[in-house]
Structure formats: C-alpha cells, structure tokens
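Asks: Counting in the numbering used here, the sequence shown runs from 1 upward without gaps.
Note that CB positions come from ideal geometry on N, CA and C, so glycine has one too.
Quick caveat: nothing in here was measured; it's all calculated off a predicted structure.
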Amino acid sequence: MTAGRNEPCPCGSGKKYKKCCMNKQQVIDMNQAREERIAQQKHQLTKKLQAFMDKQIPYSEFIKLHSEFHQRSQRLVPEQIEEGYVNFWLNFFRIHKNGLHGIDWFLKEEAHRLQAEEKSLAEQWRSLKPRIVQAVNEKDNQVVFEDVFTQETFNMGKDTENLPTFRPWSGTLGLIEFFGDTPLFNGIRIFQGPDHMERSKAKAIQLAAEHQMEVEEALIQFFPEVLGSLLEEEQGFVSEDQQSDPQITIEAYVTDAHSFATLLRDQDEFVVYDWREDRKHLTQAENWAVYKDSIVESEVLLADAVATLEFTGESLKYVTFSKEKAAQFHVMLEEYPQYVRDVKESINRSLSGRMAFSNSLIQMTGEAPEYFSLYAQRAKDMDLSRPIPALGQHSIYELIDNGRLEEADTWFKQIEYNLYDQVMSKYKDMEFTFDMNPFRKEAGLSPSPFVTNLEKRHSGIRRIYYHDNQFLSVKKEDINIYEDLGFSPDTIDSFFHDPILSFFKEKTDGKAEGTVRKYRSSLNIIRFSLEVQKIKDWSKCTKAFWRKHLLVDLFEGVVISQTQVKDLISTIKMFTKWLDQKYKTTVHAHASAVCAELEASLIEAIQVYNHTTDSGRFTLALYRENIDPEALGGLYQVQSVTEEKVLIQSSDDSEVFSIKLPSKALSFVHIGLILEAVFTKEENDQPHLKKLLNVYPKEALKYL
Numbered sequence: 001m002t003a004g005r006n007e008p009c010p011c012g013s014g015k016k017y018k019k020c021c022m023n024k025q026q027v028i029d030m031n032q033a034r035e036e037r038i039a040q041q042k043h044q045l046t047k048k049l050q051a052f053m054d055k056q057i058p059y060s061e062f063i064k065l066h067s068e069f070h071q072r073s074q075r076l077v078p079e080q081i082e083e084g085y086v087n088f089w090l091n092f093f094r095i096h097k098n099g100l101h102g103i104d105w106f107l108k109e110e111a112h113r114l115q116a117e118e119k120s121l122a123e124q125w126r127s128l129k130p131r132i133v134q135a136v137n138e139k140d141n142q143v144v145f146e147d148v149f150t151q152e153t154f155n156m157g158k159d160t161e162n163l164p165t166f167r168p169w170s171g172t173l174g175l176i177e178f179f180g181d182t183p184l185f186n187g188i189r190i191f192q193g194p195d196h197m198e199r200s201k202a203k204a205i206q207l208a209a210e211h212q213m214e215v216e217e218a219l220i221q222f223f224p225e226v227l228g229s230l231l232e233e234e235q236g237f238v239s240e241d242q243q244s245d246p247q248i249t250i251e252a253y254v255t256d257a258h259s260f261a262t263l264l265r266d267q268d269e270f271v272v273y274d275w276r277e278d279r280k281h282l283t284q285a286e287n288w289a290v291y292k293d294s295i296v297e298s299e300v301l302l303a304d305a306v307a308t309l310e311f312t313g314e315s316l317k318y319v320t321f322s323k324e325k326a327a328q329f330h331v332m333l334e335e336y337p338q339y340v341r342d343v344k345e346s347i348n349r350s351l352s353g354r355m356a357f358s359n360s361l362i363q364m365t366g367e368a369p370e371y372f373s374l375y376a377q378r379a380k381d382m383d384l385s386r387p388i389p390a391l392g393q394h395s396i397y398e399l400i401d402n403g404r405l406e407e408a409d410t411w412f413k414q415i416e417y418n419l420y421d422q423v424m425s426k427y428k429d430m431e432f433t434f435d436m437n438p439f440r441k442e443a444g445l446s447p448s449p450f451v452t453n454l455e456k457r458h459s460g461i462r463r464i465y466y467h468d469n470q471f472l473s474v475k476k477e478d479i480n481i482y483e484d485l486g487f488s489p490d491t492i493d494s495f496f497h498d499p500i501l502s503f504f505k506e507k508t509d510g511k512a513e514g515t516v517r518k519y520r521s522s523l524n525i526i527r528f529s530l531e532v533q534k535i536k537d538w539s540k541c542t543k544a545f546w547r548k549h550l551l552v553d554l555f556e557g558v559v560i561s562q563t564q565v566k567d568l569i570s571t572i573k574m575f576t577k578w579l580d581q582k583y584k585t586t587v588h589a590h591a592s593a594v595c596a597e598l599e600a601s602l603i604e605a606i607q608v609y610n611h612t613t614d615s616g617r618f619t620l621a622l623y624r625e626n627i628d629p630e631a632l633g634g635l636y637q638v639q640s641v642t643e644e645k646v647l648i649q650s651s652d653d654s655e656v657f658s659i660k661l662p663s664k665a666l667s668f669v670h671i672g673l674i675l676e677a678v679f680t681k682e683e684n685d686q687p688h689l690k691k692l693l694n695v696y697p698k699e700a701l702k703y704l
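(1) Out of N694, L227, C595, point me to the one whose CA is closest to W546's CA.
(2) With the cut-off set at 8 Å, would you say D268 and Y466 are in Cβ contact?
(3) Under a Cβ-count criterion, where at least 16 other Cβ atoms within 10 Å of its own Cβ denotes burial, should A327 be classed as buried or exposed?
(4) Return helix, strand or coil for P629, following the three-state DSSP convention.
(5) Give a yes or no on whether the C-beta atoms belonging to A261 and E286 are separated by under 8 Å.
(6) Could you work out which residue in K690, V608, H549, L485 is closest to Y703 when comparing CA atoms only?
(7) So, does the stretch 594-609 touch the stretch 629-637, judging by three or more C-beta pairs under 8 Å?
(8) Might you give, ordered along the chain, the residues of its own chain that have their beta carbon closer than 6 Å to the beta carbon of D567, omitting 5 neighbours on each side?
(9) Work out the CA separation of V532 and R462 for me, nearest whole Å.
(10) Secondary structure at I610, three-state DSSP: helix, strand or coil?
(11) Output the boundary residues of the beta strand (DSSP E) element that contains H211.
(12) If I follow the unbroken alpha helix (DSSP H) through I500, where does it start and stop?
(13) Per DSSP, K681 is paired with what?
(14) Between the Cα of E299 and the Cα atoms of R349, Q247, A376, which residue gives the shortest distance?
(15) Return the chain-ordered list of same chain residues with a C-beta closer than 6 Å to the C-beta of D147, the five sequence neighbours on each side being excluded.
(16) Tell me, please, whether the CB atom of L550 is closer than 8 Å to any CB atom in chain C?
(17) What does the alpha-carbon distance come out to for the pair I38 and E455?
(18) Could you tell me how far apart the beta carbons of L316 and V254 are, in whole angstroms, since I believe they sit closer than 8 Å?
(19) So what does DSSP say about E392, is it helix, strand or coil?
(20) Which residues in the same chain have their Cβ closer than 6 Å to the Cβ of E345, if we skip the five residues on either side of it in sequence?
(21) Output the distance between the C-alpha atoms of E314 and L333, rounded to the nearest integer angstrom.
(22) Strictly by DSSP, which residues pair up with N155?
(23) With 16 other CB atoms within 10 Å as the buried threshold, where does R440 fall?
(24) Provide the residue(s) that pair with L301 in DSSP beta bridges, ordered along the chain.
(25) Does the separation of the CB atoms of G460 and R527 fall below 8 Å?
(26) In whole angstroms, what separates the C-alpha of E233 from that of A408?
(27) With the cut-off set at 8 Å, would you say H688 and T680 are in Cβ contact?
(28) Inspect the beta-carbon positions of T642 and L692 and report whether they are closer than 8 Å.
(29) Drop a sphere of 10 angstroms on the beta-carbon of E198, count the other beta-carbons inside from all chains shown, and report buried for 16 or more, exposed for fewer.
In structure tokens form, the structure reads like this:
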C-alpha cells in the first residue's frame with residue numbers, strides 16, 4: 001500500500017510523504033530502472049554477439065577450441081560454467097583465423113545492423129582490456145576494486161546483479177566497462193581469495209616476462225592460463241602433528257566411580273560436561289583464554305580440549321590424541337590403586353587427526369551472534385610467532401623480519417576472507433566483521449578497511465586461569481607478584497601486564513633480593529607511567545612518553561635515590577630491548593635515546609633534593625591538603641648560582657629572589673633547575689625556604 005502525497009510518511013518521521021521518503025523512493029526507483037535498462041542493453045547485445053560467433057565457428061571447431069581452453073586452464077574451470085568461459089574467451093580474447101578478436105569481427109560484419117546505442121556499447125566493448133582487480137575497501141554500500149597492476153580503482157555497487165556476493169579482499173580476472181561514471185563488470189567472472197589473486201598476478205608477470213610483452217597483452221593472449229592460476233589451489237605444507245596423532249583410548253575398571261570422578265572433577269584441569277548418577281562426562285582442558293570485543297556486550301571463554309573422560313557404571317574411558325596426555329593419565333591412575341584396576345590402552349590409527357572430537361571448549365556470555373565464538377577462536381589461534389605450514393613453516397614475525405611484508409599481508413587478508421566466507425556460508429548474514437586490526441598492527445601492517453566500526457573498535461584476547469571452579473586473571477602463584485608490581489583488579493587486563501610480569505619473572509628467577517628489589521621498583525614506576533599517561537599499546541611509547549616518564553612520573557615517588565634512577569634507566573633499556581625482540585615492537589631506540597639524554601640531569605636534580613631534605617616528596621597540592629592549607633609556594637626556576645645562594649624566579653608571578661641551600665646541594669645546582677617549594681615571609685618581607693617539596697630537571701618545565 002502506497003501513502004498519498006499529503007499523508008504521514010510510513011517511516012514514522014512525522015513529515016508528509018511528499019516531503020520525506022517519496023523523493024527517496026523516486027531516486028531508488030530511478031536507480032533500479034537504470035540498472036534494469038543497462039542490464040537489458042547488455043543482455044541484448046550479448047545475445048547478438050553470441051549468435052554471430054555461433055554462426056562463424058562450426059560446432060566441430062568449437063569442440064576443439066573448448067578442449068584447448070580446457071587444457072590451457074589446467075582443467076580447473078567448474079564444468080557448469082566452462083562453456084560460458086570458453087565463449088567469453090572466443091568473443092573477447094582469442095585471435096581468430098582472420099586476425100580479429102571476436103568483438104572486432106562482430107563489429108566489422110554486423111555494425112550496420114545495430115541500433116545506435118548497441119553500436120556505441122559494442123565499440124566500448126572492443127576497447128576493454130582484461131584486468132585483475134581486488135576489493136581493497138568498502139564504503140557507502142560500494143566496494144572499491146583496485147587493478148593490481150595499474151592501481152586504478154573502481155567503485156562497484158553492492159547487492160546488484162553486477163556484484164551479488166562480496167568477500168573482503170576478494171578479486172577476479174575480467175573486463176570492466178562504464179555506463180556514464182558507473183563501472184560494471186562485463187561477462188562471466190569468478191571471485192577468489194587473496195592467495196588466488198597473488199598466484200594469478202604472479203602468473204601474468206611470469207608469462208609477460210617469458211614472451212617479452214606487456215602484462216596487459218599477456219592477460220589477453222594467455223587468458224586461459226591466467227584464469228587457471230586464479231582457480232588453482234595451493235598445495236600447502238602438512239605439519240607432522242597433522243600426519244600422525246592416532247586416537248588413544250585408556251579404559252579401566254573403577255571400584256567407586258562416583259568418588260573417583262569427584263576427586264578428578266576437583267582438579268583444575270578437568271571441567272564437567274555432564275554429571276549424572278549413572279554417567280559422568282568430563283573434559284580435560286588447558287590454555288584458557290577470554291575474548292572481548294567492544295562491538296558487543298559479551299565475552300567468550302575458550303580452552304583447548306585435549307581429552308575426554310567418561311564414567312559409565314563401573315568403567316572409565318579416557319580418549320585423547322596426545323601421547324603425552326595419555327602417559328600422564330597412566331601415571332595418575334597408578335596413584336589411585338584403591339579406585340582403579342585392569343587398565344588397558346588401545347590405539348586407533350584410522351581416527352588419526354584432531355577432528356575426531358571437538359578440540360575447543362567454548363562458552364559465550366551475553367547475547368552476541370552465534371558466529372562471535374568463531375571470531376574468538378580465530379583470535380586465540382592468531383599466534384604470530386608460530387610456524388605456519390602454508391608459509392613453509394615460517395612465522396609471520398619471521399616474514400616481517402626478512403622484509404617479506406607482501407606475503408605476511410596476503411596471509412592476513414586470506415584469514416579475513418576465509419572467516420568472512422565461513423560466517424556468510426553458515427549464517428547467511430552478519431552484523432559485524434572480525435576485528436583483524438590488533439593482529440595487523442602487531443605485525444606493523446596498515447589496518448584493514450573491512451573491519452566494522454573501524455575507528456572505534458577495540459578487541460583482544462588474554463590468558464586466564466581455571467582454579468577451584470573459578471576463573472582468575474593470573475595464576476594463583478603469581479598473585480603476590482602482581483600486587484608487588486602495583487597491578488590492581490582494574491588494571492590487570494591492560495596490554496602491558498603480561499609483558500611486565502614475564503620480564504620480571506625472567507630477570508628475577510633464582511636471583512638475590514637486591515636484584516628482585518631493583519626490577520620490582522623499576523617496573524612499578526614504568527607500570528605507573530603507562531597507566532597515568534593512558535597508553536593503549538607499545539607503539540605509543542614514543543620519546544615524548546619516556547621524557548614525561550622520567551621527568552614527571554618518576555618524581556611522584558616519595559623517596560628517590562641516585563641508585564634508584566640508575567636502576568630504572570638500566571631496566572628501561574633492558575625491558576624495551578626485550579620487548580623489541582619478543583613482541584616485535586620498536587620502543588627501544590626511543591627509550592634508550594631519552595635515557596642517555598636525561599640521565600645526568602635526573603641525578604643532579606635528585607642530589608639537590610636529597611642533600612637539602614630527608615623527608616618525603618610532595619606536590620604543593622598534597623602539602624596543602626595534608627600539612628598546611630595556607631602554605632605559600634609553587635614552582636621556581638634557578639636563574640643563577642653563587643657559592644652562597646641561588647637566585648630563583650617564580651613561574652606564577654615572575655618574582656625573583658634568592659635562597660640558601662646546603663653546600664652539598666649547591667654543588668649540583670645548575671641554571672634552569674626547577675624547585676617546587678613552600679616559603680614563609682621573614683620580617684624584612686624576604687621569602688624564606690620552609691620546605692623543599694621536589695626538584696625537577698630543567699627539561700621538565702614544559703610538562704609542569
């Protein structure tokens with residue numbers, strides 16, 4: 001039912017239909033009519049072109065040409081569309097006996113019979129050149145395709161006959177024509193993923209080099225070969241653990257199944273799947289993690305399921321694909337002879353492979369779409385340091401280190417493509433795509449434009465630990481270390497908490513208390529700076545961060561010694577170098593440069609303070625809050641120094657006056673040094689230093 005011009009608009013805006021959606025509907029109707037008209041024009045001309053070619057090529061010759069195409073394309077074109085591709089090749093790319101392409105032959109013989117619009121369209125078709133294009137962006141319901149050789153871009157409308165399906169980073173080999181400013185694909189095409197795109201691109205380059213021609217000409221002359229490479233599946237490497245891993249089953253008689261099952265249930269590695277009087281089913285799980293994404297109010301708990309354990313009546317059955325887990329379970333059974341006897345093991349090699357039972361344990365909270373669990377599993381598997389069979393057992397980090405950025409980029413694109421395809425194939429629709437960008441950023445690659453809510457999206461996966469039927473963010477034995485390093489429940493999920501803990505444990509394991517104290521104190525200060533400066537990832541740890549860390553955040557401490565500063569600088573250098581090596585960051589160069597620049601100034605400032613007062617450091621605000629609400633003071637910068645006194649200038653009112661400092665302190669005072677102090681007025685109205693609250697290097701002025 002259509003609303004009248006002056007009736008309320010059905011959209012609910014409150015406006016009249018003629019002032020609201022009527023015009024929009026007219027635009028939509030016009031676009032649809034235009035698309036239908038274009039499709040009709042193309043269809044009619046295609047029929048005429050095909051009818052002409054069918055007359056020119058006898059059926060017996062067509063069979064030979066079909067066979068030639070079949071061989072040259074490596075027999076990879078799907079049978080149901082192969083004839084369509086053969087006709088496409090004959091019409092546009094193959095040079096016939098008269099020296100003409102099919103479209104040129106058609107125009108030469110039939111141009112006088114065509115209507116003006118048809119002739120104009122056919123003239124455009126004869127000028128088209130084959131392209132390999134790949135989707136590189138998505139915006140305003142359009143997909144941006146880029147020619148992989150010329151970098152020309154084409155904005156294709158989604159959800160039309162021209163582009164009925166879409167996958168991130170997908171691409172094809174074909175022709176692109178224009179209707180006005182609108183680019184459209186011409187003829188038959190198959191869309192493939194990024195790795196297929198790379199193979200077809202490489203094939204075109206190879207053929208062009210072998211035959212000493214331009215790539216554009218190679219795409220024409222060797223269209224079947226390039227198409228075959230686009231459809232070719234890569235023969236990936238098969239890892240050893242994919243080749244072996246038979247199913248191992250351990251069975252035993254149990255005298256008191258309920259008691260023994262309860263005993264195992266209370267161990268952290270077993271999780272209850274089903275618990276009934278006559279049947280109890282547990283899953284042995286490890287490597288717990290939690291995945292969170294800002295786009296949904298939900299989280300996913302995941303673990304690797306390494307074995308199943310089932311109690312039925314008086315029998316026990318343990319099933320795993322891990323020889324190590326099977327051996328460990330045998331040892332455990334030997335520890336409980338009061339419950340277990342008649343232990344037997346069997347191996348079934350016909351079930352080798354880890355897919356005989358689900359190897360993941362997944363629990364999702366909230367109301368996220370079902371496919372959100374696939375995103376969580378994908379995030380858990382994104383270990384960039386792990387060797388990848390399809391990359392010749394190289395890790396992504398190794399590719400990056402060796403300058404093979406394009407290969408790494410293609411791998412990320414293929415993962416994104418595959419996951420999108422998996423979700424669409426199973427669920428037919430998706431509200432949001434997987435957030436690949438944290439992992440691309442970790443590898444130093446630019447963000448993917450196909451991530452939903454790109455600018456505001458943040459997601460991550462972190463390890464958690466299962467203990468006493470509850471999940472902890474840290475191992476029970478690490479809780480005291482986390483507290484010593486200054487972490488709280490609010491900050492324990494920060495990106496830097498795992499690296500700081502790992503580095504601390506690595507450097508202090510088995511070391512003396514002095515070494516432990518050095519790293520604990522220094523890492524605590526680094527952790528404090530990362531929190532107060534609201535750093536989101538290691539790439540934000542620039543020189544500006546480290547300067548503020550050393551010039552301001554360091555001086556928040558109550559007691560600071562020369563030794564503490566040297567320990568901190570040493571720790572910063574070692575920690576950032578360790579980060580670069582382990583997490584492929586680039587923070588060490590910035591950090592070490594700032595440390596070298598400021599070390600002397602820091603020690604001078606600390607010596608001045610420590611030789612002047614032995615009480616704790618304060619800011620003026622804290623001093624007023626805790627000691628004297630009426631205290632007069634502020635920040636003062638040293639203007640000159642003599643053997644007896646120091647001339648300072650107030651940063652508030654530019655007042656200049658002199659003060660006395662202990663002789664030991666004076667030897668470290670230099671022009672530009674910044675004092676934070678409280679003063680009283682003497683009888684002659686001259687300020688008198690009552691309390692030195694803090695001393696900063698001159699470089700800190702811009703931050704204070």
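Replies: Let me lay it out:
(1) Residue mapping note: residue 546 aligns to position 546 of the sequence shown, counting from 1. For the residues N694, L227, C595, the minimum Cα distance to W546 belongs to C595.
(2) Here residue 268 is taken as the residue at index 268 of the sequence shown, counted from 1. Here residue 466 is taken as the residue at index 466 of the sequence shown, counted from 1. The answer is yes: Cβ separation under 8 Å.
(3) As a first step, residue 327 must be located in the sequence shown, where it is residue number 327. By the 10 Å Cβ count, A327 comes out exposed.
(4) Here residue 629 refers to the residue found at position 629 of the sequence shown. Coil at P629, not helix or strand.
(5) In the sequence shown, residue 261 corresponds to position 261, counting from 1. In the sequence shown, residue 286 corresponds to position 286, counting from 1. Not in contact: A261 and E286 (Cβ atoms no closer than 8 Å).
(6) In the sequence shown, residue 703 corresponds to position 703, counting from 1. Nearest of K690, V608, H549, L485 to Y703, Cα basis: H549.
(7) Touching, no, given that fewer than three Cβ pairs across the two stretches are closer than 8 Å.
(8) Taking the sequence shown and counting its residues from 1, the one referred to as residue 567 is at position 567. Here the set comprises K518, S522.
(9) The residue you call residue 462 lines up with position 462 of the sequence shown. The residue you call residue 532 lines up with position 532 of the sequence shown. Straight across, the Cα-Cα distance linking R462 with V532 is about 22 Å.
(10) The residue given as residue 610 occupies position 610 in the sequence shown. Checking the displayed sequence, the identity of residue 610 turns out to be Asn instead of Ile. Residue state for N610 is assigned as helix, using DSSP reduced to three classes.
(11) Here the question's residue 211 lines up with position 211 in the sequence shown. In the DSSP assignment, H211 falls outside any beta strand (DSSP E), carrying neither H nor E.
(12) Within the sequence shown, the letter at position 500 stands for residue 500. Run containing I500: 497-508, per the alpha helix (DSSP H) assignment.
(13) In the sequence shown, residue 681 corresponds to position 681, counting from 1. Answer is P687, bridged to K681.
(14) By 1-based counting over the sequence shown, the position of residue 299 is 299. Nearest option by C-alpha distance: A376.
(15) Translated into the one-based positions of the sequence shown, residue 147 becomes position 147. Excluding positions up to five away in sequence, the list reads R131, V133.
(16) Chain labels in this structure do not include chain C; a single protein chain is all it has.
(17) Locating residue 38 in the sequence shown gives position 38, counting from the first residue. Locating residue 455 in the sequence shown gives position 455, counting from the first residue. Distance between the alpha carbons of I38 and E455 is about 37 Å.
(18) Taking the sequence shown and counting its residues from 1, the one referred to as residue 316 is at position 316. Taking the sequence shown and counting its residues from 1, the one referred to as residue 254 is at position 254. Yes, L316 and V254 are in contact; Cβ-Cβ is about 5 Å, under 8 Å.
(19) Taking the sequence shown and counting its residues from 1, the one referred to as residue 392 is at position 392. First, the residue type needs correcting, since residue 392 is Gly and not Glu in the sequence shown. G392 falls in the coil class under three-state DSSP.
(20) Working through the sequence shown from its first residue, we reach residue 345 at position 345. Excluding sequence neighbours, E345 sits near I250.
(21) Position 314 of the sequence shown, counting from 1, holds the residue named residue 314. Position 333 of the sequence shown, counting from 1, holds the residue named residue 333. Their Cα atoms are separated by approximately 15 Å.
(22) As a working mapping, residue 155 is identified with position 155 in the sequence shown. Bridge partners of N155: V144.
(23) Stepping through the sequence shown from its first residue, residue 440 is reached at position 440. Buried, by the Cβ-count rule.
(24) Start at 1 with the first residue of the sequence shown, and residue 301 comes out as number 301. Paired residues: V290, Q363.
(25) Sequence index remark: in the sequence shown, residue 460 carries index 460 (1-based). Sequence index remark: in the sequence shown, residue 527 carries index 527 (1-based). Cβ distance not < 8 Å, so G460 and R527 don't count as in contact.
(26) As a first step, residue 233 is located in the sequence shown; it is residue number 233 there, counting from the start. As a first step, residue 408 is located in the sequence shown; it is residue number 408 there, counting from the start. Going by the C-alpha atoms only, they are around 19 Å apart.
(27) The residue labelled residue 688 in the question sits at position 688 within the sequence shown. The residue labelled residue 680 in the question sits at position 680 within the sequence shown. Yes, Cβ-Cβ distance for H688 and T680 is below 8 Å.
(28) Translated into positions along the sequence shown, residue 642 becomes position 642. Translated into positions along the sequence shown, residue 692 becomes position 692. Not in contact: T642 and L692 (Cβ atoms no closer than 8 Å).
(29) Along the sequence shown, one-based indexing puts residue 198 at 198. Label assigned to E198: buried.
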